[in-house]
Amino acid sequence: MKSLYLTLIVIVIIGFAGYILWQRGFFQANQQISTSQTSDNGNLESNHSLESTTQNSSSFIEDLRRRQYQGGEIKIEETLSKEGNYTSYVFSYPSDNLKIYGMMNVPDGNGPFPVIVLNHGYFNTQSFNSGDGSHAMADILAAKGYITLASDYRGFGKSEDTPAQRAGGHKPEYAIDVLNLIASVKSLPKADQNRIGMWGHSMGGEVSLRTVEATDKVKALVLWAPTSGRAADNASFYGGRRSPAVSSNPALDGASPINYLKYIFTPISLHQGLADKEVKPEWSKNLNEALKKEGKAVEYFEYEGQDHNFKNLGWDKISKRTIDFFDKYLKWGEGN
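Residue 1 is where the sequence shown starts when you use full-length UniProt numbering, and the numbers rise one by one after that.
Right, here's the structure in full:
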């Protein structure tokens, strides 16, 4: 009987200790949020997670702003094709001591050319190829005289990642790779590092917002159907369940761009299809309203009957609006 009491006491102590560790977030870094939602490229989003943002602060975005981004040399790894008046390449560059790959288009001529950084949405990291989710818009922009740079992000395709971060998902750290890419633009002799724009689709919109909250080097931002500016919304929506441990995690608030709009001084063009099933159209409406409330420069377009990729639109209207916006701020001087 005495041994039974001792066993019960040990079980109670272990259970209480586990509860305390859980409350303090000990297990949060390993929490995975799975989903069966369809991704931007039509694949199933398994293991679509938002990981712990930082070990040192409850605000990942404030940490982004404090960081220094040295970038490095953008190296051409492979020439892909010559298309009309531009050439496409696979390139690499350093970010957090990782080798990150991406796709680049360079117009013919001496330049200097304005630069558009393109941020792709969610894909299966293992089947990802450089340019997935961005190459169509990149080709349109390159034909109009823009250098285009699309980072794969860490862990996608051939890009390196740290062992602790190899699971896919909405990683706030993708913004670090984009900020290092911006810092690397100076290594391109044909690029005008004072005329940099950014385009982001879906998860790439979320990445883009974090980026412009951390740097003033982006002179114009176009967002197509971005995921929510609230990290908890994304964790719940793509996780397929709502968990108090997720939605109340202060680290998610610190990684949520909508909480840091005061740091944005980049004009924004925001586009949303109203038949979108991959993100909630209300997220873009809320972002537009929040930006206006903060007194930020934003234009907002809704597209009736259009899905997540605007495929029913034929892209004529949305791509023209995108190019016109970039031309306004990067070619005609209003963003300088």
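Idealized CB from N, CA, C, for every residue including glycine.
Item: When the cut-off is 9 Å and only beta carbons count, does residue 320 lie next to chain C?; Value: Annotation note: the requested chain C is absent from the structure, which comprises a single protein chain.
Item: Go through its chain and collect everything with a Cβ distance to residue 117's Cβ below 7 Å, but skip five positions before and after it.; Value: 149, 178, 181, 182, 196 and 198
Item: Should the region 320 to 333 be regarded as contacting the region 277 to 294, the criterion being three or more beta carbon pairs within less than 8 Å?; Value: no
Item: The beta strand (DSSP E) spanning residue 199 covers which residue range?; Value: 191 to 201
Item: For the putative contact between residue 88 and residue 100, defined by C-beta atoms under 8 Å, what is the C-beta separation to the nearest angstrom?; Value: At roughly 18 Å, the Cβ-Cβ gap does not stay under 8 Å, so residue 88 and residue 100 are not in contact.
Item: According to the neighbour-count rule (16 or more other Cβ atoms, all chains shown, within 10 Å of its Cβ), is residue 76 buried or exposed?; Value: exposed
Item: So, for residue 281: in the same chain, excluding its five sequence neighbours on each side, which residues have a beta-carbon less than 6 Å away from its beta-carbon?; Value: 272 and 274
Item: Bridge partners for residue 90 per DSSP, in chain order?; Value: 78 and 103
Item: I'd like to check one pair, residue 85 with residue 114: are the Cβ atoms closer than 9 Å?; Value: no
Item: Identify the continuous alpha helix (DSSP H) that holds residue 232 and give its terminal residues.; Value: 231 to 239
Item: Specify the secondary structure class of residue 113 as computed by DSSP and reduced to three states.; Value: strand
Item: Counting only the same chain and skipping the five closest in sequence on each side, list residues whose C-beta sits under 6 Å from that of residue 79.; Value: 89
Item: Indicate the three-state DSSP secondary structure (helix, strand or coil) for residue 56 in the structure shown.; Value: Any reading at residue 56 is ruled out, since the residue's pLDDT is 45, under 50, leaving its predicted position unreliable.
Item: Can you grab the Cα-Cα spacing for the pair residue 265 / residue 287, in whole Å?; Value: 15 Å
Item: Please state whether DSSP places residue 138 in a helix, a strand or coil.; Value: helix
Item: Could you give the first and the last residue of the continuous beta strand (DSSP E) run that contains residue 130?; Value: First-last for residue 130: undefined, no H or E at that position.
Item: Suppose you measure from the CA of residue 141 to the CA of residue 200; what does that come to, to the nearest Å?; Value: 14 Å
Item: Got a sec? Which residues, its chain only, sit under 6 Å from residue 42 by beta carbon, not counting five neighbours each side?; Value: Reliability of the predicted coordinates at residue 42 is poor, the pLDDT of 35 falling under 50, and the value obtained from them is presented with this limitation in mind. Closer than 6 Å at Cβ, skipping near neighbours: no residue.
Item: On the three-state DSSP scale, how would you describe residue 259?; Value: helix
Item: Judging by CA-CA distance, which residue of 136, 211 and 223 is the nearest neighbour of residue 263?; Value: 211
Item: What are the boundary residues of the beta strand (DSSP E) that residue 218 is part of?; Value: 218 to 224
Item: Is it buried or exposed, residue 109, if we count other Cβ atoms within 10 angstroms and call 16 or more buried?; Value: exposed
Item: According to the neighbour-count rule (16 or more other Cβ atoms, all chains shown, within 10 Å of its Cβ), is residue 305 buried or exposed?; Value: exposed
Item: By the 10 Å Cβ neighbour count, where 16 or more other Cβ atoms means buried, how is residue 215 classified, buried or exposed?; Value: buried
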